[in-house]
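> Just so you know, my numbering puts the end of the sequence shown at 861, numbered straight through with nothing missing. Don't be surprised by glycine CBs; every beta carbon is placed ideally from N, CA and C.
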Amino acid sequence: MRQPIRTTCAYCGVGCGISATPTGPRTVEIKGDEAHPANRGRLCSKGTHLGETVELTGRLLHPMIGTKRVGWDKALDLVAKRFADTIARHGPDSVAFYVSGQLLTEDYYVANKLMKGFIGSANIDTNSRLCMSSAVAGHNRAFGEDIVPASYDDLDAADLIVLVGSNTAWCHPIVYQRIQAARTERGTKLVVIDPRRTETCEGADLHLPLKPGTDVALMNGLLAWMEAQGLTDRGYLDAHVQTPDGFWEKLAQGHDLWTTAKTCDVSPAQLQQFFELFAATPRTVTLFSQGVNQSIRGTDQVNAIINLHLATGRIGKPGAAPFSITGQPNAMGGREVGGLASTLAAHMDFASENVARVGRFWAAPTMASKPGLKAVDLFRAIGEGRIKALWVMATNPAVSLPDAARVREALERCPFVVVSDVMAATDTGAYAHVRLPAAAWGEKDGTVTNSDRTISRQRPFMALPEQAKPDWWIIKEVAQRMGWRSAFAYQRPADIWREHARLTAYQNEGQRLLDLGDHATIGNDAYEAMEPFRWGGQHPLADGRFSTPDRKARLVPVTQMEVQAPLGAWPLTLNTGRYRDQWHTMTRTGLSAKLARHREEPLVEVHPTDALTLGVAAGDLARVTTAQGDSVFRVAISDCQRPGDIFTPIHWTDQTSTGGRTGMLPRPLVDPHSGQPGFKSTPARLSKVATEWKGFMILREPVQAKPACLWATRVTVPGGALFEVAGNGDPAHLEARLPKGERVEAVDPARGTRRVAIIVEGRLAGVLIVTRTGLLPSRDWLIGQLAASDVGPAVLAARGPGNQPDKGATICACFDIGLNQIVAAIRQQHLGDVPAIGQALGAGTNCGSCRPALAAILMQTPQEVLDAAE
Ligand code: SF4
-8 MRQPIRTTCA
2 YCGVGCGISA
12 TPTGPRTVEI
22 KGDEAHPANR
32 GRLCSKGTHL
42 GETVELTGRL
52 LHPMIGTKRV
62 GWDKALDLVA
72 KRFADTIARH
82 GPDSVAFYVS
92 GQLLTEDYYV
102 ANKLMKGFIG
112 SANIDTNSRL
122 CMSSAVAGHN
132 RAFGEDIVPA
142 SYDDLDAADL
152 IVLVGSNTAW
162 CHPIVYQRIQ
172 AARTERGTKL
182 VVIDPRRTET
192 CEGADLHLPL
202 KPGTDVALMN
212 GLLAWMEAQG
222 LTDRGYLDAH
232 VQTPDGFWEK
242 LAQGHDLWTT
252 AKTCDVSPAQ
262 LQQFFELFAA
272 TPRTVTLFSQ
282 GVNQSIRGTD
292 QVNAIINLHL
302 ATGRIGKPGA
312 APFSITGQPN
322 AMGGREVGGL
332 ASTLAAHMDF
342 ASENVARVGR
352 FWAAPTMASK
362 PGLKAVDLFR
372 AIGEGRIKAL
382 WVMATNPAVS
392 LPDAARVREA
402 LERCPFVVVS
412 DVMAATDTGA
422 YAHVRLPAAA
432 WGEKDGTVTN
442 SDRTISRQRP
452 FMALPEQAKP
462 DWWIIKEVAQ
472 RMGWRSAFAY
482 QRPADIWREH
492 ARLTAYQNEG
502 QRLLDLGDHA
512 TIGNDAYEAM
522 EPFRWGGQHP
532 LADGRFSTPD
542 RKARLVPVTQ
552 MEVQAPLGAW
562 PLTLNTGRYR
572 DQWHTMTRTG
582 LSAKLARHRE
592 EPLVEVHPTD
602 ALTLGVAAGD
612 LARVTTAQGD
622 SVFRVAISDC
632 QRPGDIFTPI
642 HWTDQTSTGG
652 RTGMLPRPLV
662 DPHSGQPGFK
672 STPARLSKVA
682 TEWKGFMILR
692 EPVQAKPACL
702 WATRVTVPGG
712 ALFEVAGNGD
722 PAHLEARLPK
732 GERVEAVDPA
742 RGTRRVAIIV
752 EGRLAGVLIV
762 TRTGLLPSRD
772 WLIGQLAASD
782 VGPAVLAARG
792 PGNQPDKGAT
802 ICACFDIGLN
812 QIVAAIRQQH
822 LGDVPAIGQA
832 LGAGTNCGSC
842 RPALAAILMQ
852 TPQEVLDAAE
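So this is what it looks like as structure tokens:
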């Protein structure tokens, strides 16, 4: 076995350190890095199972022009020529890059430099626009610079943690575990502000299920109440904050507790409880995420939170800060190099002196002098023919952007589309004229910055397969072919890191807190050995000096916009988000059989009252329709929704399902300051989709293509794939998807049941079970038969000898433990708390991601069972 290599998780903005020990050419043992400050050895379910995602299944391994495999020279020459020709004919703004928070900082830096300094346009935007650009705009308005004024250590020091618009338990699980540890060890209070009752709310001291889009009213109401009680910090305000004339007078109008409760649709008593708790606990961290940012009022929502912290002096001190937590592993690195169309580089904007300064530093021939098109506008410009050449790197806009049907039309129309990606088949790749095989996690070499400004190395521990290349190399090769040889003469990531560090320090003179000058001359060996470090220290705003001309922060007046009442045609409000064990469009997490079982299908969560009105039941299929489009989902009934609200996940694509296409549904409306789309509240309607039959198919690999029917979703299972299917008419055509081999079948016309299995040399190669009227058997036993070597016709019974109850939906991915097993253990063994479940079953004892779910199950278990446990 080789030595462990310290690297960083590929997924979320927590930025956990990983110790990766290769065990073979494409296998690796994954552990948490005990020495990393973000996670101290812990990993969530996604990080824990990263080792299952490094195989080559589905990888893009060669440059492709159309469907033809070509060499690198031919592909790069074509990309450089088409971009150069387009710029020559139509100008610099006729081309664009759409990049990703999955890129490393070094990749980002080279792409940004090429577009803004050499092509001469700022048409480079990133999928981080969809994630946290409102936080960037809010920071810039309040602090004069995009500064996150907190670190994870503040969570350990806080007495009150307020989570706003953040399902932390699912989306940032290690941060959530850290919060729970603080609660246990220090008695830290937890308040969750979220329209949905998510697993994050389990065990919280208070959950405020506010009406979607009323965050500004809530924060303004709290600030007005604090001011009225004389609890704002006048000393801090006078010394460090510029307050616009009339700020307090305006705030005093319409923000009394009763009006605030009515606007937010929460109980006045609960609101009072929150206000009093906030007043009593100066050490407060307000941690916010996509629920705040992904709104057409996102920037105002961010500033409403920051106003509260500035006015109460809860900033720049241990345990006191507004804290934006990012979705992606390197959203922050992208912000630092200027990977957004609205920023220039190294935390500088497009002020003429900044353009001149960066131009001097780069010796740039053609500097962009104004911001470029932000993501939604950029794809609109492609659709309108204004952008004629597009390069997409490490992202999947055909799935993830709002109004995705228009995005697909734009891609279809674009004369030249290049996609650099790890995967061969993506929804966006289907529109590419050129596809370039990029390095994947485990092969990449560079740095990432997490949500608390900690910069960590991502180190390779596997060889680049076939023709795959790092993104920075691909971009610099194109830049050199476009004529800029010496400006892009990088040999290694360390060359780029040094240049980035030099630029942050170049003529900075204390104007910007981002200053990595200490790294400007770092040697290659030191770069290789770089330990995680947090730029700006723990509290970069501790001295009360901000990056504004007068060094004071700004209170920004923000007002609650009227939230549109549901319309007749669109009586529901659609909210969207993530699942615990999946990441973005599932190109990596979808490879893990363990992660797949937590949620096997895209669900639309509906409140029981709405379900009754709409005539849908759990397990039905339903079509969610908005003004932009529609998609079909499996119905789940959940009183965690507010009545009138529905929720769908963002992960499913054409590659994995016929339905569940959430990106088709949201409006392409954006926040006026940040350009971030509002994914969280789209007017919608829902209607039942009737089907005559339902069933499932289990196939041994290789299996990618979905069966052709109304509903077909695919997940990876050990040794193959599981497809859930449903449709109308004769389902016999599904048998065409079964492999060749010995066929056994059992058809029961009375029950409308058809069971067909294919056996090859005693091993199960595929099975199809469809019913028109009856129940379907558990999938688990049949999935297990993919590994058996003596399968016979009895496999059609879909169960082994003896009584084998269905384990139910997977709760613990690490130990593959299902809901039914947990409920049975609670009942039979009288288990009264989460540790007891862990002791009995192991659930929750490894990564800990399922502990909130275990707590929720305990909450829902009848009291007499729990009483018996005492
Ligand atoms: S919380 Fe989970 S997904 Fe996020 S960085 Fe840590 S291990 Fe990775």
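So what does DSSP say about residue 154, is it helix, strand or coil?
What you label residue 154 is simply residue 163 of the sequence shown in a count that begins at 1. Here residue 154 sits in strand by DSSP.
> Between which two residues does the alpha helix (DSSP H) holding residue 97 run?
Taking the sequence shown and counting its residues from 1, the one referred to as residue 97 is at position 106. Taken as a continuous stretch (DSSP letters only), the alpha helix (DSSP H) holding residue 97 covers 96 to 104.
> Can you check which of these residues, 512, 679, 2, is closest to residue 605 by C-alpha distance?
Taking the first residue of the sequence shown as position 1, residue 605 is located at position 614. Residue 679 is the option with its Cα nearest to residue 605.
> Rounded C-beta distance between residue 182 and residue 265? I'm assuming under 8 Å.
Position 191 of the sequence shown, counted from the start, is the residue given in the question as residue 182. Position 274 of the sequence shown, counted from the start, is the residue given in the question as residue 265. That pair is a contact at about 6 Å.
> Within a Cβ cutoff of 6 Å, which residues of the same chain sit near residue 829, ignoring the five residues on either side of it in sequence?
Taking the first residue of the sequence shown as position 1, residue 829 is located at position 838. Around residue 829: 835, 836.
> Residues around the ligand SF4, please: the condition is that the C-beta lies closer than 6 Å to some non-hydrogen atom of it.
Working through the chain, the matches are 0, 2, 3, 5, 6, 7, 30, 34, 35, 37, 38, 163, 164, 165.
> Put residue 317 into one of helix, strand or coil per three-state DSSP.
Mapped onto the sequence shown, residue 317 falls at position 326. Coil, per DSSP.
> Check whether the region 0 to 9 and the region 34 to 43 touch, using three or more Cβ-Cβ pairs below 8 Å as the test.
The region 0 to 9, when compared against the region 34 to 43, does touch it at the 8 Å Cβ threshold.
> Taking C-beta to C-beta, are residue 289 and residue 667 nearer than 7 Å?
Taking the first residue of the sequence shown as 1, we reach residue 289 at position 298. Taking the first residue of the sequence shown as 1, we reach residue 667 at position 676. In this structure, residue 667 lies closer than 7 Å to residue 289 by Cβ.
> Let's see if you can read the secondary structure: which residues bound the beta strand (DSSP E) around residue 684?
Residue numbering aside, residue 684 sits at position 693 when the sequence shown is read from its first letter. Here the beta strand (DSSP E) through residue 684 covers 684 to 691.
> State the Cα-Cα distance for the pair residue 354 and residue 77, rounded to the nearest angstrom.
Reading the sequence shown from its first residue, position 363 is the one you call residue 354. Reading the sequence shown from its first residue, position 86 is the one you call residue 77. Roughly 23 Å between the two C-alpha positions.
> Less than 8 Å between the CB atoms is what I'm expecting for residue 445 and residue 29, so what's the real figure, rounded?
Position 454 of the sequence shown holds residue 445. Position 38 of the sequence shown holds residue 29. At roughly 6 Å, the Cβ-Cβ gap stays under 8 Å, so residue 445 and residue 29 are in contact.
> Can you grab the Cα-Cα spacing for the pair residue 315 / residue 62, in whole Å?
Here residue 315 is taken as the residue at index 324 of the sequence shown, counted from 1. Here residue 62 is taken as the residue at index 71 of the sequence shown, counted from 1. Rounded to the nearest angstrom, the two C-alpha atoms are 43 Å apart.
> Find the nearest neighbour of residue 79 within the set 633, 379, 728, 453, judged by alpha-carbon distance.
Within the sequence shown, residue 79 is the residue found at index 88, counting from 1. Of the listed residues, the one whose Cα sits closest to residue 79 is 379.
> Taking 7 Å as the threshold (C-beta atoms), are residue 801 and residue 862 in contact?
Here the chain has residues from -8 to 861 only, and residue 862 is not among them.
> Do residue 684 and residue 761 count as a contact pair if the criterion is CB distance below 7 Å?
The residue you call residue 761 lines up with position 770 of the sequence shown. The residue you call residue 684 lines up with position 693 of the sequence shown. Yes, Cβ-Cβ distance for residue 761 and residue 684 is below 7 Å.
> Checking the sheet assignment: what are the DSSP bridge partners for residue 648?
Position 657 of the sequence shown holds residue 648. BP columns for residue 648 point to 704.
> Scan the region 579 to 629 and note each continuous alpha helix (DSSP H) run of 4 residues or more that stays entirely inside, going in chain order.
Correct list: 584 to 587, 599 to 605.
> Could you give the first and the last residue of the continuous alpha helix (DSSP H) run that contains residue 449?
As a working mapping, residue 449 is identified with position 458 in the sequence shown. No alpha helix (DSSP H) contains residue 449, which is instead part of the beta strand (DSSP E) from 445 to 449.
> So, are the CB atoms of residue 301 and residue 207 less than 7 Å apart?
For this step, residue 301 is matched to residue 310 along the sequence shown. For this step, residue 207 is matched to residue 216 along the sequence shown. No, the Cβ-Cβ distance between residue 301 and residue 207 is not below 7 Å.
> Does the region 68 to 77 come within contact of the region 379 to 394, defined as at least 3 CB pairs closer than 8 Å?
Yes, the region 68 to 77 touches the region 379 to 394.
> Please state whether the Cβ-Cβ distance between residue 393 and residue 657 is less than 7 Å.
To locate residue 393, count along the sequence shown from 1; it is residue 402. To locate residue 657, count along the sequence shown from 1; it is residue 666. Cβ distance < 7 Å, so residue 393 and residue 657 count as in contact.
> Inspect the CB distances between the region 92 to 112 and the region 463 to 481 and report whether three or more fall short of 8 Å.
Short answer: they touch.
> Taking Cβ positions, are residue 810 and residue 799 nearer each other than 7 Å?
Position 819 of the sequence shown, counted from the first residue, corresponds to residue 810. Position 808 of the sequence shown, counted from the first residue, corresponds to residue 799. Their beta carbons are under 7 Å apart, which means residue 810 touches residue 799 by this criterion.
> Which of helix, strand or coil does DSSP assign to residue 859?
Position 868 of the sequence shown, counted from the first residue, corresponds to residue 859. Low confidence applies here, because residue 859 scores a pLDDT of 49, under 50, leaving its location unreliable and the question unanswered by this model.
> Return the bridge partner residues of residue 384 from the DSSP annotation.
The residue given as residue 384 occupies position 393 in the sequence shown. For residue 384, which the question treats as bridged, DSSP gives the partners 411.
> I need the DSSP call for residue 850, collapsed to helix, strand or coil.
In the sequence shown, residue 850 corresponds to position 859, counting from 1. Of the three classes helix, strand and coil, the one that applies to residue 850 here is helix, per DSSP.
> Using a threshold of 7 Å, state whether the C-beta atoms of residue 42 and residue 19 are closer than that.
In the sequence shown, counting from the first residue as 1, residue 42 sits at position 51. In the sequence shown, counting from the first residue as 1, residue 19 sits at position 28. The answer is yes: Cβ separation under 7 Å.
> Three or more C-beta pairs closer than 8 Å, one from the region 423 to 434 and one from the region 404 to 414: is that the case here?
Yes: the two stretches touch, three or more of their Cβ pairs being nearer than 8 Å.
> Is the region 344 to 361 in contact with the region 121 to 128, if contact means three or more CB pairs nearer than 8 Å?
No, they do not touch.
> What residue range does the beta strand (DSSP E) around residue 739 cover?
Counting from one through the sequence shown, the residue named residue 739 turns up at place 748. Per DSSP, residue 739 belongs to the beta strand (DSSP E) from 733 to 739.
> Which residue wins for smallest C-alpha separation from residue 759, given the options 115, 773, 275?
By one-based count along the sequence shown, residue 759 stands at place 768. Selected option, being the one with the closest Cα: 773.
> Between 540, 366, 68, 725, which lies nearest to residue 115 when the distance is taken from Cα to Cα?
Here residue 115 is taken as the residue at index 124 of the sequence shown, counted from 1. Looking at the Cα atoms, 366 is the closest of the given residues.
> Just the C-alpha distance for residue 329 and residue 337, rounded to the nearest angstrom, thanks.
Mapped onto the sequence shown, residue 329 falls at position 338. Mapped onto the sequence shown, residue 337 falls at position 346. Approximately 6 Å between the Cα atoms of the pair.
> Alpha carbon to alpha carbon, how far is residue 846 from residue 823? Give it in angstroms, no decimals.
Counting from one through the sequence shown, the residue named residue 823 turns up at place 832. Counting from one through the sequence shown, the residue named residue 846 turns up at place 855. Rounded to the nearest angstrom, the two C-alpha atoms are 10 Å apart.
> Between residue 342 and residue 586, is the Cβ-Cβ spacing less than 7 Å?
Against the sequence shown, residue 342 aligns to sequence position 351. Against the sequence shown, residue 586 aligns to sequence position 595. Their beta carbons are not under 7 Å apart, which means residue 342 does not touch residue 586 by this criterion.
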